[in-house]
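Worksheet: the structure to be examined is printed underneath.
Numbering (our numbering), first residue to last: 731 to 791.
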């Protein structure tokens with residue numbers, strides 16, 4: 731399970747306080763607050779397309 735999911739589950743479903751989650755996970759309270767404020771799980775996105783390889787023009791030879 732993802733750490734953010736684990737923090738959200740502990741807070742919203744199990745009803746634990748932020749300080750209690752802090753003790754259990756070892757994360758700072760602000761980090762826990764950020765995880766609770768961010769509703770989505772981050773996804774990997776490529777920032778720019780990769781250029782074609784340098785050898786492509788001579789590859790058929």
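All residues carry an ideal CB built from backbone N, CA and C; glycine is no exception.
In the three-state reduction of the DSSP assignment, residue 741 falls in the helix class. Annotation for residue 757: no residue places its beta carbon closer than 7 Å to its own, counting only its chain and skipping 5 residues before and after. In the three-state reduction of the DSSP assignment, residue 764 falls in the helix class. Contact between residue 759 and residue 749 holds: their C-beta atoms lie close to 7 Å from each other, under 8 Å. For residue 749, the enclosing alpha helix (DSSP H) has its first and last residue at 748 to 755.
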